[in-house]
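Comments concern the structure below.
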Amino acid sequence: MPEVVGNAQIAGGNGTTGGAAAAVHGSRLDRWVDAYAARTKGMTASEIRALFAVASRPEVVSLAGGMPDLSALPLDVIGTMLARLVTERGRVALQYGSGQGDPGLRERIIDVMAPQQVSAGRDDVVVTTGSQQALDFVTRIFVDPGDIVLAESPSYVGALGVFRAYQAEILHVPMDDDGLIPEALEETLRDLSRTGRRVKMLYTVPNHHNPAGVTLSARRRPLVVDIAARYGVLVLEDDPYGLLGFDGGPLPSLQTLNPEGVIYLGSFSKTFSPGLRVGWAVAPHAVREKLVLASEAAVLCPSAFSQLAVSDYLDNHDWRHQVDLFRAMYRERSRAMLGSLADAIPGARWTIPQGGFYVWVTLPEGLDATAMLPRAVTERVAYVPGTAFYADGQGRRNMRLSYCYPTPEQIREGVRRLAGVIDAELDILRTFAPGTAGRPAAPGASRSGIAFPSPDIR
Ligand SMILES: Cc1ncc(COP(=O)(O)O)c(C=O)c1O
């Protein structure tokens, strides 16, 4: 990973000029290597992070990042609003606030969650620094080292990083085009209950999944909630993309099906601004108290400035219309990506997103998306290899392609370059491993034999 190399070089440089410490530690690159807490063993740089440095070069078409395209935001209006916030309410906006978050913003968050029918009042909401921090707090208060956390197969890389940091054992549960498979969840829980291991949580992204691009069907939602309840497993429902469906509103949340058994996480990152870092958790009363204590211990309070900025935006701007503009923009980009994939990459399969930012691709047999990445970057296109989204090394034949940030023209050019790289890889395979090379990705099966991807996939 580039940044690991970078760190090593910096630390090595210190080591050679650092006097006594250098003498004691010789050529070791990190003099504190024996001192780190055991939990840091799970903390490794994600493949996405390493990629950002390379993929942000202007000549590279990045289909890698999950950044919203903020060009659709009225920056002049927001600039005026922020200036007014400081001049008129600066003594509150620039001050410490409450650990649970600003009551006015919590009230507005209830409106924002109305389409998902989240069952909550403002006292049930805890504001966090992005939903990423809510993931951290929930894991902190529930997960002891060695506890099992269930996550979809594949799962959001940032959540896997949190679970690893708290030394959870992550087990994947298969999904298909309709999201998490209830029968597979039940089977996993049944098997685990026989071993006497404690399953603390089921982590799920039901809407426009990152990275799989699929949505948990209405039929499956009560089944998943019911199975988790029967086995006494808390559900952590992560929903940053719920409002970004291309057609129509979101399905009802899992939380509304069992408010005592589900923690719901939301975020303004994909519908307004990730830079303000405002997300939230809705949790049962007792859990919420613990989340507030975790927040106070970690940061005292979330940023008052960011919270009031979001409140002002919701009050003074037609945010629903803005969300509609984002939806239309991402719909057009998803079509550009799906259209060019269909033209360019025979033998591969991919999911068909109904919203959100991502397409999940399964490459023809014999190809390895991780090994192929440096060649892709040389050809000026970047993606995230599937292995980033598994805790157990699966995903070598998969890649996540994002259509959220590049323009439709850039997307088409990026897919064209990617197709060239895949073609060249297949040529090499045909030369050195004739027979297996380029066999199309089989419908309904992946390397692990799980039912992903399946019917709705090209
Ligand atoms: C599924 C999922 N959860 C959480 C997050 C974190 O979002 P936030 O910016 O609110 O911390 C992301 C960001 O990409 C995400 O995709």
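For the sequence shown, counting from 1, position 229 maps to 260 in my numbering; every step adds exactly one.
Where a beta carbon is used, it is the ideal one built from N, C-alpha and C, also for glycine.
What you are looking at is a predicted structure, and each value in this text was computed from that prediction instead of being measured.
Task: Cβ separation of R250 and L282, assumed to be a contact under 8 Å, to the nearest whole Å - done: That belief does not hold up - the Cβ atoms of R250 and L282 are roughly 10 Å apart, past 8 Å.
Task: Beta carbon shell of ligand 1 at less than 6 Å from a heavy atom - done: That gives G97, G161, S162, Q163, Y187, G189, V236, N241, D269, P271, S298, S300, P305 and G310.
Open item on the list: Can you tell me whether G306 is helix, strand or coil according to DSSP?
Closed with: Coil at G306, not helix or strand.
TODO: Measure the C-alpha to C-alpha separation of S326 and A124 and round it to an integer number of angstroms.
DONE: In a straight line, the C-alpha of S326 is about 19 Å away from that of A124.
- [ ] Report yes if the C-beta distance between Q385 and G276 is below 8 Å; otherwise report no.
- [x] With contacts defined by Cβ atoms closer than 8 Å, Q385 and G276 form a contacting pair.
Open item on the list: Which complete beta strand (DSSP E) runs does the segment 269-318 hold, if anything under 3 residues is left out?
Closed with: For the segment 269-318, whole beta strand (DSSP E) runs of length 3 or above, ordered along the chain, are 293-298 and 310-313.
Open item on the list: So if DSSP puts M430 in a beta bridge, which residue, or which two residues, is it bridged to?
Closed with: M430 has V392 and P416 as its beta-bridge partners, per DSSP.
- [ ] Starting from T201, follow the beta strand (DSSP E) in both directions and report where the run begins and ends.
- [x] Checking the displayed sequence, the identity of residue 201 turns out to be Ile instead of Thr. It spans E200 to D207 - the beta strand (DSSP E) in which I201 sits, taken as one unbroken run.
Task: Meets three-Cβ-pair contact criterion under 8 Å: the segment 377-395 and the segment 121-138 - done: Short answer: they don't touch.
TODO: Report yes if the CB atom of Y197 is closer than 8 Å to the CB atom of R171, and no otherwise.
DONE: Their beta carbons are under 8 Å apart, which means Y197 touches R171 by this criterion.
Task: Beta-carbon spacing of V85, V408 below 8 Å - done: Yes, the pair counts as a contact, with Cβ atoms nearer than the cut-off.
Open item on the list: Suppose the cutoff is 7 Å on Cβ atoms and the five residues either side in sequence are ignored; what does the same chain contact list for T159 look like?
Closed with: Taken in chain order, the residues that qualify are A165, F168, G310, W311, A312, S326 and P333.
Task: Segment contact, 8 Å Cβ cut-off, at least three pairs: the segment 359-376 with the segment 430-444 - done: Three or more Cβ pairs drawn from the segment 359-376 and the segment 430-444 lie within less than 8 Å of each other, which places the two stretches in contact.
- [ ] Note the first and the last residue of the continuous alpha helix (DSSP H) segment covering D170.
- [x] According to the sequence displayed, residue 170 carries Thr and not Asp. T170 -> alpha helix (DSSP H) spans G161 to F173.
Task: Extent of the continuous alpha helix (DSSP H) run through M2 - done: Absent from the model: residue 2. The displayed extent of the chain is 32 to 489, so no value can be given.
- [ ] State the start and end residues of the unbroken alpha helix (DSSP H) segment that holds E217.
- [x] Here the alpha helix (DSSP H) through E217 covers P213 to T226.
Open item on the list: Classify V108: buried if its beta carbon has 16 or more other beta carbons within 10 angstroms, exposed otherwise.
Closed with: Around the beta carbon of V108, fewer than 16 other beta carbons lie within 10 angstroms, which makes this residue exposed.
Task: Beta-ladder partner(s) of L457, from DSSP - done: Per DSSP, none; premise fails for L457.
- [ ] Determine, using beta-carbon pairs with one atom in the segment 60-78 and one in the segment 188-196, whether at least three such pairs fall under 8 Å.
- [x] The segment 60-78 is in contact with the segment 188-196.
Task: For S93, the three-state DSSP class (helix, strand or coil) - done: S93: strand per DSSP, three-state reduction.
Task: Residue from K301, S300 and P315 with nearest C-alpha to N289 - done: Comparing Cα-Cα distances from N289 to each of K301, S300 and P315, the minimum goes to P315.
- [ ] Look up S184 in the DSSP assignment and give the residues it is bridged to.
- [x] Under DSSP, S184 forms a beta bridge with P205.
Open item on the list: Taking DSSP's pairing of strands, which residues face I179 in a bridge?
Closed with: Note: I179 sits in a beta bridge opposite E200 and V230.
Task: Continuous beta strand (DSSP E) assignments of at least 3 residues falling wholly in the segment 359-411 - done: Listed in chain order, they are 389-393.
Task: Reference Y272, options P305, D257, A259 and T111, closest by Cα - done: The option with the nearest alpha carbon to Y272 is P305.
- [ ] Return helix, strand or coil for V158, following the three-state DSSP convention.
- [x] It is a strand residue.
Open item on the list: To the nearest angstrom, how far is the alpha carbon of E217 from that of L307?
Closed with: Cα-Cα distance, rounded: 39 Å.
- [ ] Confirm, please, whether the CB-CB distance from L220 to I258 is below 8 Å.
- [x] Going by beta carbons, I258 and L220 fall inside the 8 Å limit.
TODO: Express the C-alpha separation of E444 and D178 in angstroms, rounding to a whole number.
DONE: Put simply, the backbone Cα of D178 is about 45 Å away from that of E444.
- [ ] Would you decide whether G130 is buried or exposed? Buried here means 16 or more other CB atoms lie within 10 Å of its CB.
- [x] Counting Cβ neighbours within 10 Å, G130 comes out buried, since at least 16 surround it.
Open item on the list: Considering only the alpha carbon of each residue, which of A419, G121 and D61 lies closest to A243?
Closed with: Among A419, G121 and D61, the Cα nearest to that of A243 is on A419.
Open item on the list: Tell me the DSSP secondary structure of L265 in three-state form.
Closed with: Three-state DSSP puts L265 in a strand.
Task: From G279, D374, T401 and P377, residue whose alpha carbon lies closest to that of A359 - done: Considering only G279, D374, T401 and P377, the residue with the shortest C-alpha distance to A359 is G279.
- [ ] Using beta-carbon positions only, say whether R411 and R448 come within less than 8 Å of one another.
- [x] Contact flag set, yes.
Open item on the list: Can you look up G73 in the DSSP assignment and give me helix, strand or coil?
Closed with: Helix at G73.
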